[in-house]
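These notes are about the structure you will find just below.
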Amino acid sequence: MTLGTRLTEAFGIDYPILLAPMAGISGGRLASAVTAAGGLGLIGGGYGDAAWLPREFDAAGGAKVGCGFITWSLARAPELLDEALSRQPAAIMLSFGDLRPFADHVHRAGVPLLAQVQILDQARAALDAGADAIVAQGGEAGGHGMSRRSTFTLVPDVADLVAARAPETLVVAAGGVADGRGLAAALALGADGALVGTRFWASREALVSPRAQHHAIQAGGDDTFRTRVYDVVRQLDWPAEYNERALGNSFLNAYHGNDAHLIASLSEAVGSYQKAVAAEDFNAAALLVGEAIGLIHDVRPAADLVREMAGNAARILDRAASVQR
2 MTLGTRLTEA
12 FGIDYPILLA
22 PMAGISGGRL
32 ASAVTAAGGL
42 GLIGGGYGDA
52 AWLPREFDAA
62 GGAKVGCGFI
72 TWSLARAPEL
82 LDEALSRQPA
92 AIMLSFGDLR
102 PFADHVHRAG
112 VPLLAQVQIL
122 DQARAALDAG
132 ADAIVAQGGE
142 AGGHGMSRRS
152 TFTLVPDVAD
162 LVAARAPETL
172 VVAAGGVADG
182 RGLAAALALG
192 ADGALVGTRF
202 WASREALVSP
212 RAQHHAIQAG
222 GDDTFRTRVY
232 DVVRQLDWPA
242 EYNERALGNS
252 FLNAYHGNDA
262 HLIASLSEAV
272 GSYQKAVAAE
282 DFNAAALLVG
292 EAIGLIHDVR
302 PAADLVREMA
312 GNAARILDRA
322 ASVQR
């Protein structure tokens, strides 16, 4: 079974599957498992925990892995980029902010730069900054992003833009890809591979409690929506244009769409949220998963997920090629 693309050639991997660098979820063990199975694992550098990052690189055990950062947060602790680059990562991915202050530093280190974007203007800016790959993220994705574009239309838009302006640049699809069908669709839309989050969120190696995983996989895509409530109660200073896709619950029912009520009772809401997190009470605690949660019914080793996704995508694309012949 082969599934070679420009992405597999560029990174020397078997399958065009990248682990999304989910903050606090994509640790070294998960990243190394994805890499060992033939994809490319990315550690989630997230909000800049100076103790967490080296510990998770150590947990990767010397495997070829990359690292992703929330760019606006990295600007507050730029030394973390030096820490990541000192580990000779396979790639650095920057998301949710201006990557220009960091792009030259990454390029000088000889490390491929991946830029996650949600709209075409961001893709143009990433090309101007010399990104080696554009990760086009649709609103279906779990966690943070925008709700303005869907993966199905954004990916070919970005692919056309890249082909016209910088054809050597890779394109990666993100948002809603959780199985071989999604990977095959991403490649058919013009991407060189896919960035996968929610499916690996529900893997054995993810830094997610089994109780959280069991709760989430009982839900469906219709049970998720985009909100800013969790950013407010977690007191995270996200730029206004971004929100997060989360699994609905009674806590969100009380506050989503009612900003005045949330702000007026913020102290109470923060306290309730923190207690729920400690108790793993998912009537209030956040489960930041994407629409693809409805396609997930079990928690399995990451290696199994990589190989099954790649194998099913290859079979789908081979059937399509046979029809064309």
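For what it's worth, my numbering labels the leading residue of the sequence shown as 2, then goes sequentially.
All C-beta atoms in this analysis are idealised placements derived from N, C-alpha and C, irrespective of residue type, glycine included.
| Query | Result |
| --- | --- |
| May I have the straight-line CA-CA distance separating W73 from A311, to the nearest angstrom? | 33 Å |
| My output table needs one value for L237: the three-state DSSP class, helix, strand or coil. | coil |
| Is it right to say E80 is buried, meaning 16 or more other beta carbons lie within 10 angstroms of its own, or is it exposed? | exposed |
| Under 6 Å Cβ to Cβ from Y256, same chain only, skipping five residues before and after it: list those, please. | V230, L263 |
| Measuring only the C-alpha atoms, how far is L190 from V156? | 6 Å |
| Check whether the segment 197-217 and the segment 275-292 touch, using three or more Cβ-Cβ pairs below 8 Å as the test. | yes |
| Below 8 Å on the Cβ atoms is my guess for A179 versus I18; work out the distance and round it to an integer in Å. | Contact flag wrong, Cβ pair sits at about 11 Å. |
| By a C-beta neighbour count over all protein chains shown, 10 Å radius and 16 as the cutoff for buried, is G5 buried or exposed? | exposed |
| State whether the segment 150-166 contacts the segment 109-129, with contact taken as three or more CB pairs (one from each stretch) at a distance under 8 Å. | yes |
| Identify the continuous beta strand (DSSP E) that holds I135 and give its terminal residues. | 134-138 |
| Reducing DSSP to helix, strand and coil, say where N244 ends up. | strand |
| Helix, strand or coil for M310? Go by DSSP, reduced to three states. | helix |
| On the premise that E141 lies in contact with E292, defined as a C-beta separation below 8 Å, what is that separation, rounded to the nearest angstrom? | 4 Å |
| Taking one C-beta from the segment 31-39 and one from the segment 196-206 each time, how about it: are there three or more such pairs within less than 8 Å? | yes |
| Give me the residue from G181, A261, A126 with the minimum Cα distance to N313. | G181 |
| Note down the Cα distance separating S96 from F103, rounded to an integer number of angstroms. | 12 Å |
| From this set, G176, D133, P113, which residue's C-alpha is nearest R149's C-alpha? | G176 |
| Could you give the residue range of the alpha helix (DSSP H) that holds T372? | The displayed coordinates of the chain run from 2 to 326. Any statement about residue 372 would go beyond what the structure contains. |
| Since L171 and A134 are thought to touch, with beta carbons under 8 Å apart, how far apart are those beta carbons, to the nearest angstrom? | 4 Å |
| Going by the DSSP bridge assignment, what does F226 pair with across the sheet? | A247 |
| Mind checking whether F70 and G46 have CB atoms under 9 Å apart? | yes |
| Just to check my reading of the structure: Y48 and H145 have Cβ atoms closer than 8 Å, yes? What is that Cβ distance to the nearest angstrom? | Between H145 and Y48 the Cβ distance is about 11 Å, and since that is not below 8 Å, they are no contact. |
| In the segment 246-285, which residue ranges form an unbroken alpha helix (DSSP H) of at least 4 residues, counting only runs that do not cross its ends? | 251-256, 260-265, 267-280 |
| Does the segment 221-237 come within contact of the segment 299-308, defined as at least 3 CB pairs closer than 8 Å? | no |
| Could you compute how far the alpha carbon of I93 sits from the alpha carbon of G198? | 16 Å |
| Nearest by alpha-carbon distance to L128: which of S151, M147, R109, D99 is it? | D99 |
| Go ahead and label G111 buried or exposed: buried means 16 or more other beta carbons lie within 10 angstroms of its beta carbon, across all protein chains shown. | exposed |
| What do you reckon, are the CB atoms on L41 and A85 nearer than 9 Å? | no |
| Identify the continuous beta strand (DSSP E) that holds F103 and give its terminal residues. | No beta strand (DSSP E) holds F103; the alpha helix (DSSP H) holding it covers 101-109. |
| Along the chain, where does the alpha helix (DSSP H) that runs through V35 open and close? | 29-37 |
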